[in-house]
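Novice: Structure below; questions to follow.
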Amino acid sequence: NIPYFVSNGYIVVDPNIHYKDGEPGESAYNAVVSAAKHMSRFPWVDSTKMAIQGQSWGGYQVAYLVTRTKMFAAAWAGAPVANMTSAYGGIRWGTGMNRQFQYERTQSRIGATLWQKPDLYIRNSPLFKADKITTPLVIMHNDEDGAVPWYQGIEMFTAMRRLNKKVWMLQYNGEDHNLVQRRNRKDLSIRLGQFFDHYLKGAPAAKWITDGVPAVAKGVDFGTEIPATEKKAF
1 NIPYFVSNGY
11 IVVDPNIHYK
21 DGEPGESAYN
31 AVVSAAKHMS
41 RFPWVDSTKM
51 AIQGQSWGGY
61 QVAYLVTRTK
71 MFAAAWAGAP
81 VANMTSAYGG
91 IRWGTGMNRQ
101 FQYERTQSRI
111 GATLWQKPDL
121 YIRNSPLFKA
131 DKITTPLVIM
141 HNDEDGAVPW
151 YQGIEMFTAM
161 RRLNKKVWML
171 QYNGEDHNLV
181 QRRNRKDLSI
191 RLGQFFDHYL
201 KGAPAAKWIT
211 DGVPAVAKGV
221 DFGTEIPATE
231 KKAF
């Protein structure tokens, strides 16, 4: 929701990315980090309070970037591919189409099969560098995603949990790759604002950020309220 953020004191940058075959992750790194460094030169930009957010292919790039740089104070990855080696052999649930082609030749641009260049698949998979992450990360991935398998978000989440990293998993039951239901879109916008307001502006943290929401309370306790003690402190 770019209009919301630019209306609330944020600067939003959407850099163009030139991709090199076999190096989609590093291509994103070169473009996004250089853009962020350029923006940090301006006196009206706080270089210590920058964040990144992306959905789908953008979500993958966010997940990759936080394994390569510590310059972002917070990150949000929607429906990211975390492990190209496991995603490679999957199918698109809606059509039954094999996913291998998109890693070899289209969006991911690896340029070879998994057996020809396994090193490139591993190098471009955020999962294998999760131990390098220091940036607080929210992963949004839904259980009916027909484009990027839901287990990709789960793999990244469980890896970061195992490594004691700051990570949250947000999942909307019955939703596909992109949110359709209005109530879920609204909920996502609220959480995006709360997350970035907390890490970039120092706003009080909502309950879901500090305590999470147990699975048994999902749909009953949304966790978007600000605790009274936090309100007083702010």
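Numbered according to the numbering used here, the sequence shown spans residues 1 to 234.
Glycine residues also receive a C-beta, built at the ideal position from the N, C-alpha and C atoms.
For P126, count the other beta carbons within 10 Å of its own beta carbon; 16 or more makes it buried, fewer makes it exposed. Which is it?
Specialist: buried
Novice: Would you mind sorting S40 into buried or exposed? The rule is 16 or more other CB atoms within 10 Å of its CB.
Specialist: Answer is exposed; the Cβ neighbour count stays below 16.
Novice: Check whether the region 57 to 77 and the region 201 to 215 are in contact - that is, three or more C-beta pairs closer than 8 Å.
Specialist: Because the criterion of three Cβ pairs below 8 Å is not met, the region 57 to 77 and the region 201 to 215 do not touch.
Novice: DSSP three-state call for A51: helix, strand or coil?
Specialist: Reduced to three states, the DSSP call for A51 is strand.
Novice: Measuring alpha carbon to alpha carbon, tell me which of T158, K37, G219 ends up nearest N83.
Specialist: T158
Novice: Measuring only the C-alpha atoms, how far is V6 from A217?
Specialist: 33 Å
Novice: Looking at C-alpha atoms only, which residue of G153, F196, V45 is the closest neighbour of E144?
Specialist: G153
Novice: I'd like to check one pair, N164 with E175: are the Cβ atoms closer than 9 Å?
Specialist: no
Novice: Just to confirm before moving on: does the CB-CB distance between A147 and G96 stay below 9 Å?
Specialist: no
Novice: Strictly by DSSP, which residues pair up with I91?
Specialist: Here I91 is bridged, per DSSP, to N98.
Novice: Helix, strand or coil for L263 per DSSP?
Specialist: The structure shown has nothing for residue 263, since the chain only spans 1 to 234.
Novice: If you drop the 5 nearest sequence neighbours on each side, which residues of the same chain put their C-beta closer than 7 Å to that of V81?
Specialist: Y60, A87, V148, Q152
Novice: Comparing alpha-carbon positions, which option in Y172, N178, F196, R191 lies nearest E225?
Specialist: R191
Novice: Measure the CB-CB distance between M71 and S34 and report whether it falls below 9 Å.
Specialist: no
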